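Here's the structure, in structure tokens; my notes come after.
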Amino acid sequence: MAIQRMDNVGLVVDDMEAAKAFFTELGLELEGTAPIEGPWVDRIFGLPGVRSDIAMMRTPDGHSRLELTTFHSPPPFTPTPPNLPPSTLGTCRLMFAVDDIHDTVARLHPHGGELLGEISQFENAYLLCYLRGPGGVLIALAEALGQEAAEG
Numbered sequence: 002m003a004i005q006r007m008d009n010v011g012l013v014v015d016d017m018e019a020a021k022a023f024f025t026e027l028g029l030e031l032e033g034t035a036p037i038e039g040p041w042v043d044r045i046f047g048l049p050g051v052r053s054d055i056a057m058m059r060t061p062d063g064h065s066r067l068e069l070t071t072f073h074s075p076p077p078f079t080p081t082p083p084n085l086p087p088s089t090l091g092t093c094r095l096m097f098a099v100d101d102i103h104d105t106v107a108r109l110h111p112h113g114g115e116l117l118g119e120i121s122q123f124e125n126a127y128l129l130c131y132l133r134g135p136g137g138v139l140i141a142l143a144e145a146l147g148q149e150a151a152e153g
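Adding 1 to a residue's 1-based position in the sequence shown gives its number in this note's numbering.
Right, here's the structure in full:
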């Protein structure tokens with residue numbers, strides 16, 4: 002039996018409004034928000050007394066979704082040290098294809114987007130970079146060059 006699809010990627014954030022603003026600026030669209038709590042949630046997470054809020058964001062093509070979650074109870078766990086490097090085992094990063102990487106980085110900067118290194122070119126195929134966003138979220142951006150851009 003095969004999976005049907007990847008439904009969404011979940012991301013725990015400490016500031017829901019900042020995260021929604023960041024991903025909206027990136028180009029995702031807010032699909033909806035909801036409070037999440039109750040015994041069924043406690044059983045799913047294996048945690049007692051879960052109270053959280055979610056915001057579902059979707060890509061413009063409608064094929065991918067990002068679920069932002071803020072926990073009110075239990076309090077969020079913060080790894081030490083914060084902002085672990087991309088080489089940390091278990092680290093999740095989200096990659097987005099963009100039309101103009103330089104413009105995207107500039108637009109995300111006022112929303113907490115900080116380059117980890119620099120925008121770099123991979124062969125004649127892509128411009129690539131890693132950014133850290135609100136709450137330490139790690140994202141990568143890719144701008145296709147040449148033939149790949151025309152086919153995209």
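Ideal placement from N, C-alpha and C gives every residue a C-beta, glycine not left out.
No experiment lies behind these values; they were computed from the predicted model shown.
For valine 106, the enclosing alpha helix (DSSP H) stretches over residues 102 to 109.
Check the Cα spacing between histidine 73 and each of Gly39, Asn9 and Leu67: the tightest is with Gly39. C-alpha of proline 80 to C-alpha of methionine 57: approximately 24 Å in a straight line. Along the segment 56 to 135, the beta strand (DSSP E) occurs as fully enclosed runs of 3 or more residues at 66 to 74, 94 to 98, 121 to 123 and 127 to 133, listed in sequence order. Secondary structure of leucine 29 (DSSP, three-state): coil. Between cysteine 130 and glutamate 115 the beta-carbon gap is near 11 Å, outside 8 Å, which marks them as no contact. Remark: C-beta atoms of arginine 108 and isoleucine 140 do not approach each other more closely than 8 Å. Isoleucine 140: member of the beta strand (DSSP E) spanning 139 to 145, first to last residue.
Each residue's CA atom was taken as its position, placing glycine 47 and histidine 103 some 42 Å apart.
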